[in-house]
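Here it is, written out as structure tokens:
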């Protein structure tokens, strides 16, 4: 038996534009479709306290960024990890401030700070191929400090531009939280003798 062409169960017969014009031709509504996302973005909630993102970097921010790095994080080739900077903070903080502010003011990073080492850690005792190694990127402690400062500033205002249901952006929440939730819901949904409680 020859299978016939599938007939769509739902079909958009016509569209109305904001000018109250109804049309069945997609070309007539093309301009409005292209402009609509732009209008939505322009009318959306603006980033609150956006001026705080561009104010000069403070010593407090630098210290918080430095002390948020794990003491035993793998250091660069110079061997100076976060533990050294923390223990010597009162002595070297002025030098740290000069380097960090130079980056944000002059948009320039010193070459020694912008080097990253790729360490290859073997997965097995007989590792021979690239796939047999884990790649670990080791950047300098100062590079980490510089990258953490704008990240922390964005974190303060992210709640005004990201909806609360985007749990990945909520501190303490992770994307895999939803995977676990969906698993529990589906398991309860297919259980015999119970009334379905949700629809996926």
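Residue numbers (the numbering used here): 354 to 553. For every residue, glycine included, the Cβ atom is placed at its ideal position computed from N, Cα and C. Bear in mind that the values here come from a model prediction, so they are computed numbers and not experimental data.
Own chain residues within Cβ distance below 8 Å of residue i, not counting five before or after
i, result
"residue 495", "449, 452, 453 and 466"
Given residue i as reference, the closest of the options once Cα atoms are compared
i, options, result
"residue 406", "509, 534 and 537", "509"
"residue 497", "404, 433 and 403", "433"
"residue 458", "408, 536 and 474", "408"
"residue 499", "529, 463 and 481", "463"
Environment of residue i [buried if 16+ CB atoms lie within 10 Å]
i, result
"residue 420", "exposed"
"residue 415", "buried"
"residue 493", "buried"
"residue 418", "buried"
"residue 487", "exposed"
"residue 470", "exposed"
"residue 502", "buried"
"residue 553", "The predicted model places residue 553 with a pLDDT of 48, which falls under 50 and marks its position as unreliable; any figure quoted below should be read in that light. So residue 553 counts as exposed."
"residue 534", "exposed"
Sequence-distant residues of the same chain with beta carbon closer than 6 Å to residue i, five excluded per side
i, result
"residue 422", "435 and 497"
"residue 442", "none"
"residue 506", "406"
Rounded separation between residue i and residue j - CA only
i, j, result
"residue 411", "residue 468", "25 Å"
"residue 479", "residue 444", "46 Å"
"residue 447", "residue 425", "23 Å"
"residue 474", "residue 456", "32 Å"
"residue 413", "residue 483", "42 Å"
"residue 403", "residue 481", "51 Å"
"residue 461", "residue 537", "50 Å"
"residue 504", "residue 532", "26 Å"
"residue 530", "residue 437", "36 Å"
Delimiting residues of the alpha helix (DSSP H) encompassing residue i
i, result
"residue 555", "No statement about residue 555 is possible, as the shown extent of the chain runs from 354 to 553 and does not include it."
"residue 321", "Beyond the ends of the chain as shown, which are 354 and 553, falls residue 321; an answer cannot be given."
Cutoff 7 Å; reference residue i; Cβ partners in own chain excluding five residues on either side
i, result
"residue 477", "485"
"residue 490", "469 and 471"
"residue 440", "none"
Endpoints, beta strand (DSSP E) assigned at residue i
i, result
"residue 486", "486-492"
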